[in-house]
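Report on the following structure.
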Amino acid sequence: MSSTRLRVGVVGSANVDEVVRCSTLPRPGETILASDPLRLPGGKASNQAAALSALGLATTLIARVGNDASGEWMIDVLSRTGVDTSHIQRDSAPTGTAYITVDAAGENMIIVARGANAHLDVANVDFSDFDVVLAQMEVDESVVDAVAKAAPNFILNVAPARPVSPETLRRCAVVIANEIEAEYVDLATLAHCVVTLGARGAVHYAYGKEVTRASAPPVQVVDTVGAGDAFCAAYTAQYVLRSSPEVALRFAVTAGSLATQALGAQGALPTMKEVETWLARA
Ligand code: RIB
369 MSSTRLRVGV
379 VGSANVDEVV
389 RCSTLPRPGE
399 TILASDPLRL
409 PGGKASNQAA
419 ALSALGLATT
429 LIARVGNDAS
439 GEWMIDVLSR
449 TGVDTSHIQR
459 DSAPTGTAYI
469 TVDAAGENMI
479 IVARGANAHL
489 DVANVDFSDF
499 DVVLAQMEVD
509 ESVVDAVAKA
519 APNFILNVAP
529 ARPVSPETLR
539 RCAVVIANEI
549 EAEYVDLATL
559 AHCVVTLGAR
569 GAVHYAYGKE
579 VTRASAPPVQ
589 VVDTVGAGDA
599 FCAAYTAQYV
609 LRSSPEVALR
619 FAVTAGSLAT
629 QALGAQGALP
639 TMKEVETWLA
649 RA
């Protein structure tokens with residue numbers, strides 16, 4: 369199946385990431401010194417949409433930004449990645465902002481001020497236009513519930529970790545969670561759940577039973593921000609291309625690892641060919 373004819377909808381947040389680098393992450397109550405701040409495009413849905421577009425999928429982002437310069441900038445940056453931005457809504461609240469600290473090992477801490485993301489409205493979106501829809505939890509739970517009902521094929525990345533209604537979880541073709549997020553779902557009740565393990569790779573479970581596992585390739589990690597988003601995008605691309613769980617998981621783990629090789633959530637998003645080249649070498 370050709371990837372260019374398949375349409376992916378991504379629903380969720382678009383943030384400006386305010387990033388500083390430091391040697392070690394601060395403890396509660398501690399003041400530390402850091403690099404000059406960088407302003408980079410981010411937000412889990414925006415990152416996942418940019419990653420899908422880099423992989424060659426026709427991708428539409430359904431998100432909401434402010435009527436401010438940051439909102440204009442986000443739309444401009446995303447359209448230059450090839451993402452269809454015609455469904456990005458504007459709001460009187462400011463564009464969402466993520467305050468991110470990255471340490472010398474590439475680990476991070478993220479605090480999100482949701483701003484306009486909290487007002488995303490999907491009532492007028494025709495989800496039957498998409499072969500698959502991918503969403504996360506940085507927008508209101510009611511939005512996620514509505515998308516789960518309307519989308520014929522729905523993948524949910526339960527990030528950030530928050531409770532999800534059992535009905536929405538039942539509607540998911542696949543749930544993607546990291547180890548912390550996986551504590552918020554009952555693996556035994558999910559038809560397909562993929563749990564990411566950071567540098568240790570990822571596992572695919574069907575009703576709580578392990579189906580397949582993939583380890584991560586060795587890469588020079590610069591920044592892990594957005595690695596999970598690159599993973600979700602790559603897994604979704606393989607899902608819509610109808611790859612086997614084994615192929616999809618290996619591909620997604622490799623794409624997520626490659627995305628850690630530059631600063632910023634959208635700084636090192638791999639193409640389909642780049643991932644395939646790595647896999648062929650492994
Ligand atoms: O997953 C990484 C993303 O989480 C960052 O880009 C930040 O904006 C937050 O949404």
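For the sequence shown, the numbering used here assigns the number 369 to the initial residue and increments by one for each residue that follows. Virtual Cβ for every residue (Gly too), placed ideally from N, Cα, C. Predicted model, so just to flag it, every value in this text is computed and none were measured.
message = Does the beta-carbon of Lys641, which I'm using as the reference point, lie nearer than 8 Å to any heavy atom of the ligand RIB?
response = No, the ligand RIB has no heavy atom inside 8 Å of this Cβ.
key: Thr557 versus Tyr573: straight-line alpha-carbon distance, rounded   = As the crow flies, the alpha-carbon of Thr557 is around 10 Å from that of Tyr573.
ask   = Touching or not, the region 633 to 650 and the region 544 to 555, by the rule of three or more beta carbon pairs under 8 Å?
value = Under the 8 Å Cβ criterion, the region 633 to 650 does not count as touching the region 544 to 555, having fewer than three qualifying pairs.
ask   = Just how far apart, CA to CA, sit Asn521 and Arg538?
value = For Asn521 and Arg538, the gap between their C-alpha atoms comes out near 12 Å.
request  = Could you pull out every residue in the same chain whose Cβ sits closer than 7 Å to the Cβ of Ser496, ignoring the five residues on either side in sequence?
outcome  = Excluding positions up to five away in sequence, the list reads Pro520.
task = Would you mind giving the Cβ-Cβ distance between Ala437 and Pro462, rounded to the nearest angstrom? I have them listed as a contact below 8 Å.
result = Here Ala437 is actually not in contact with Pro462; their C-beta atoms are around 10 Å apart, not less than 8 Å.
inquiry  = Given the structure, does Val480 come close to the ligand RIB, in the sense that its CB is under 8 Å from one of the ligand's heavy atoms?
reply    = Yes; taking the cut-off as 8 Å, the Cβ of Val480 has a heavy atom of the ligand RIB nearer than that.
Exposed unless 16 or more other CB atoms sit within 10 angstroms - verdict on Ala545 = Ala545 comes out buried.
inquiry  = According to DSSP, simplified to helix, strand and coil, what is Leu647?
reply    = If DSSP states are grouped into helix, strand and coil, Leu647 belongs with the helices.
ask   = DSSP state of Asp554, grouped into three classes?
value = Under the three-state reduction of DSSP output, Asp554 falls in the coil class, being neither helix nor strand.
task = Check whether the Cβ atoms of Pro528 and Val470 lie closer than 9 Å to each other.
result = No. Outside cutoff.
inquiry  = Please determine whether the Cβ atom of Val381 lies at a distance below 8 Å from any heavy atom of the ligand RIB.
reply    = Correcting the residue type first, residue 381 is Ser in the shown sequence and not Val. Checking the Cβ of Ser381 against the ligand RIB gives yes.
ask   = When burial is assigned at 16 or more other CB atoms within 10 Å of the CB, is Tyr607 buried or exposed?
value = With 16 or more Cβ atoms within 10 Å of its Cβ, Tyr607 is classed as buried.
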